[in-house]
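Report on the following structure.
Protein chains: 2
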Amino acid sequence: MLTEIATAESLRPHTHAAFPASRKAPETLLSVGVPMSFPRNGEIFAEGETAGYVYKVVSGVVRVSKLLPDGRRQISAFHLPGDMFGFEIGDIHHCSAEAVVPTKVVAFKWQGLLGAGASTSLVRELLTRTMIGLRHTEDHLLLLGRKNALERLAAFLLEMAARSGSAEMLDLAMPRHDIADYLGLTLETVSRMFAELKEMGQIKLESARRVRLLNMDKLRAIAA
Amino acid sequence: MLTEIATAESLRPHTHAAFPASRKAPETLLSVGVPMSFPRNGEIFAEGETAGYVYKVVSGVVRVSKLLPDGRRQISAFHLPGDMFGFEIGDIHHCSAEAVVPTKVVAFKWQGLLGAGASTSLVRELLTRTMIGLRHTEDHLLLLGRKNALERLAAFLLEMAARSGSAEMLDLAMPRHDIADYLGLTLETVSRMFAELKEMGQIKLESARRVRLLNMDKLRAIAA
DNA sequence: CGTGGTTTTGAGCCCCTTCAACCACCGTGG
DNA sequence: CCACGGTGGTTGAAGGGGCTCAAAACCACG
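From first to last, the protein sequence lines stand for chains A and B.
Sequential numbering from 436 applies to the first sequence in the numbering used here.
Sequential numbering from 436 applies to the second sequence in the numbering used here.
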């Protein structure tokens with residue numbers, strides 16, 4: 436999937452560029468890929484900034500969020516290795532993106548991908564990825580608009596399990612506050628719902644970030 | 436292929452083809468379009484159905500929604516004339532679409548649009564439209580996750596005003612129940628927020644569906 | 001006029017938030 | 001080795017915003 440981009444990516448070692456513009460692009464098929472790395476909570480781009488690049492996660496976790504003027508925050512997605520993010524219509528980012536943990540990404544120039552000589556298959560690949568994002572976001576609308584706190588947390592745990600190998604043992608990269616801003620709750624409520632799922636015998640908390648899912652089917656029933 | 440849709444549609448009790456199935460669409464890039472019309476609350480497609488077409492609204496209003504097993508509903512978008520909807524990755528619809536009022540749409544075969552000979556400009560057009568949908572949905576996530584009832588209704592009125600010519604006089608096509616399912620509220624709360632905006636002197640209700648926006652800037656401030 | 005669908009209004013309650021305190025972990029330095 | 005501060009997480013008590021349940025009002029249409 437996305438072979439042209441993947442090729443460009445694998446051709447290049449992961450260096451620690453501070454900013455895309457600071458590196459020269461090599462002459463390859465789609466040579467605009469630039470490896471970058473960010474520390475925990477490092478800002479990849481901010482709402483209102485000039486766009487121009489799309490990003491692919493190599494390692495780590497990225498959160499994409501929007502802010503209200505008074506500081507209320509909504510995280511629209513967590514991105515894991517292999518995911519792409521940063522798609523914009525105009526030249527302005529209307530979301531911000533930060534590294535949840537130390538993270539490596541590759542940045543691709545949007546112009547390079549969609550320029551005059553862009554192959555149909557590549558544009559179609561971008562279309563597919565955008566549609567995947569749209570589907571995920573629409574599912575999340577249902578969660579935020581209509582599910583209660585327990586259902587939201589169950590759905591979150593199942594989503595994370597599905598995306599990290601579907602193992603019963605789950606390592607969460609993000610703190611309670613991020614989970615809360617993703618699920619439209621407060622961190623206290625998230626903590627209480629963890630406790631409630633534990634009471635119900637559906638999960639076991641090895642630590643705050645390590646969760647064992649004891650009964651995925653039951654969790655699916657709870658997630659509604 | 437032109438008759439395929441018409442035949443499939445006419446099998447459903449509450450959908451009607453607008454024009455004779457034999458009528459050919461003009462020979463343009465989008466020459467596979469089939470006009471269809473639907474009565475109020477007519478089902479355009481349902482969650483779980485086989486996909487294969489994308490739709491463009493000609494007249495009327497369409498709501499796209501998702502359901503939970505117990506009947507809770509979330510409307511992800513209202514589509515007005517000129518909008519396109521029905522984009523799917525696989526061959527299964529994971530949303531349903533219905534006409535809010537008597538509505539005319541044109542259906543395009545997805546295969547026809549993205550087939551072997553598809554032009555890059557057309558694929559790019561679809562990409563842009565999908566990205567517009569993604570941006571709208573992400574904005575709506577913030578509304579559902581973090582805004583209170585009054586802010587949600589103010590944002591809704593402004594959105595509708597902006598999309599229908601930005602006039603101060605607004606004609607809402609949809610009932611309170613649909614507005615509620617779009618905003619993640621109950622219809623009673625929506626009604627109460629209408630009353631509150633009226634109390635505040637921000638709107639005037641000519642009738643339940645006809646709203647005069649008295650102070651757009653103040654409404655924008657309320658919508659956060 | 002009735003009639004059915006839609007909208008408004010009222011009263012009580014509950015889920016989640018708010019505010020606050022406490023705890024658990026961890027790297028640092030005396 | 002333990003005191004120490006800082007971050008992150010849990011737990012408790014109280015309050016409120018939106019929901020539920022209920023009934024009345026409104027309106028288009030026969």
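Each residue gets a CB set at the ideal place from its N, CA and C atoms; glycine is no exception.
Looking at the backbone, the Cα of ALA643 of chain A and that of ARG655 of chain A are separated by about 21 Å. GLY619 of chain A has a beta carbon lying within less than 8 Å of a beta carbon in chain B. Assigned with DSSP and collapsed to three states, ASP606 of chain A falls in strand. Against chain B, the beta carbon of GLY568 of chain A has neighbours under 7 Å at LEU569, listed in chain order. For ARG598 of chain A, no chain B residue has a C-beta closer than 8 Å to its own C-beta; the minimum C-beta separation is roughly 16 Å. Listed along chain B, no residue sits closer than 9 Å to LYS653 of chain A by beta-carbon distance, the nearest being about 15 Å off. Per DSSP, GLN637 of chain A lies in no beta strand (DSSP E) segment and is marked neither H nor E.
Note that the C-beta distance between VAL536 of chain A and HIS514 of chain A is not below 8 Å.
The Cβ neighbour count for LEU640 of chain A, taken over all protein chains shown within 10 Å, is under 16; the residue is labelled exposed. For PHE543 of chain A, the enclosing beta strand (DSSP E) starts and ends at 538-544. Annotation for SER601 of chain B: no beta strand (DSSP E) segment contains it, and DSSP assigns it neither H nor E. A buried status is given to ARG581 of chain A, since no fewer than 16 other beta-carbon atoms sit within 10 Å of its beta-carbon. Interface with chain B (8 Å Cβ-Cβ cutoff): SER642 of chain A is excluded. Against chain A, the CB of THR572 of chain B has a partner CB under 8 Å away; the residue lies at that interface.
Ranked by how close their Cα comes to the Cα of THR485 of chain A, the residues A:PRO470, A:VAL497, A:LYS501 and A:ASP526 have A:ASP526 in first place. Looking at the DSSP output, PHE473 of chain B sits in a beta bridge with B:THR538.
By the beta-carbon neighbour count (other beta carbons within 10 angstroms, threshold 16), ASP518 of chain B is buried.
In this structure, GLU586 of chain A places its C-beta atom within 8 Å of the C-beta atom of ALA658 of chain A.
Between ARG570 of chain A and HIS529 of chain B, the CB-CB gap stays under 8 Å. As summarised for the stretch 516-585 of chain A, the continuous alpha helix (DSSP H) elements at least 4 residues long and confined to that stretch are 545-549 and 555-581, given in chain order. Judged by DSSP in its simplified three-state form, ALA658 of chain A adopts helix. For LEU648 of chain B, the pairing in a beta bridge is given by DSSP as B:ILE638. The shortest C-alpha to C-alpha distance from ALA534 of chain A to any of A:PHE522, A:ALA512, A:LEU620 and A:LEU548 is the one to A:ALA512. DSSP places LEU503 of chain B outside any alpha helix (DSSP H), giving it a letter other than H or E.
In the structure shown, the three-state DSSP call for ALA512 of chain A is strand.
At least 8 Å separates the CB of ILE638 of chain A from every CB of chain B.
Chain-order list of chain B residues neighbouring VAL558 of chain A: THR555, VAL558, ARG559 and LEU562, by C-beta distance under 8 Å. Taking 8 Å as the cut-off, the Cβ atoms of SER531 of chain A and PRO516 of chain A do not count as close. The beta carbon of ILE527 of chain B sits no closer than 8 Å to any beta carbon of chain A. Sorting B:LYS539, B:ARG508, B:PHE629 and B:LEU622 by C-alpha distance to the C-alpha of GLY468 of chain B places B:LYS539 at the top. In the structure shown, THR624 of chain B falls within a helical segment according to DSSP collapsed to helix, strand and coil. Residue range 488-494 is occupied by the beta strand (DSSP E) that includes VAL492 of chain A.
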